[in-house]
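K.L.:
The sequence shown begins at 0 in numbering that gives the first Met the number 0 and counts up by one. C-beta: ideal position from N, C-alpha, C; glycine also. Treat the numbers as computed from the prediction; the structure is a model and nothing was measured.
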Amino acid sequence: MKIETTRRAMLSGTSLALAPLMVGATPPPVRGEVELAFAEWKAIRRAINAATNDDYDEGDHPIWHRLKRAEHIIRDSDETGPRVAEIRMWLSLTGDLVYRTENDAMDREDVDWLMANADEPELSTIMALRAIKALRGAA
0 MKIETTRRAM
10 LSGTSLALAP
20 LMVGATPPPV
30 RGEVELAFAE
40 WKAIRRAINA
50 ATNDDYDEGD
60 HPIWHRLKRA
70 EHIIRDSDET
80 GPRVAEIRMW
90 LSLTGDLVYR
100 TENDAMDRED
110 VDWLMANADE
120 PELSTIMALR
130 AIKALRGAA
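1. Run the CB neighbour count on residue 105, radius 10 Å, all protein chains shown included, and call it buried at 16 or more, exposed below.
2. Starting from residue 100, trace the alpha helix (DSSP H) in both directions and tell me its first and last residue.
3. By how many angstroms is the C-alpha of residue 89 removed from the C-alpha of residue 108?
4. State the Cα-Cα distance for the pair residue 127 and residue 70, rounded to the nearest angstrom.
5. Just how far apart, CA to CA, sit residue 63 and residue 44?
6. Note down the Cα distance separating residue 87 from residue 76, rounded to an integer number of angstroms.
7. Buried or exposed, going by whether 16 or more other CB atoms sit within 10 Å of the CB of residue 79?
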């Protein structure tokens with residue numbers, strides 16, 4: 000039995016609408032991948048926070064690599080829109096919020112609580128929180 004490997008043979012019987020997908024076109028991004036990665040990121044953060052104390056380095060936690068993978072998906076996705084921008088703003092706040100109550104509010108996405116209660120927030124924190132409020136108004 001002879002197997003045809005020419006492009007004509009590969010495309011025979013295939014509709015022309017599918018042909019561009021077969022010749023190396025990049026598939027569109029999966030919609031909702033950022034939202035799913037953000038939900039996973041928050042769940043992982045809660046698990047890490049529950050297991051850590053002052054003597055424990057978060058980077059040594061066994062699921063730390065899953066947190067980093069979720070961050071990479073959120074950072075590198077081609078998805079756009081107000082919700083995607085908001086999620087990226089939440090991630091930008093991770094270094095600014097140091098107290099457990101602040102991190103709990105972030106996990107709840109409670110921008111109003113953070114604006115009222117964050118302990119001496121940096122300008123970047125205030126701007127990120129205001130951007131989140133603006134994005135929510137645009138949605």
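P.N.:
On the basis of the data shown:
1. Residue 105 counts as buried, since no fewer than 16 other beta carbons sit within 10 angstroms of its beta carbon.
2. 99-107
3. Near 8 Å, if we compare the C-alpha coordinates of residue 89 and residue 108.
4. 17 Å
5. Residue 63 and residue 44 have their C-alpha atoms some 9 Å from each other.
6. 11 Å
7. exposed
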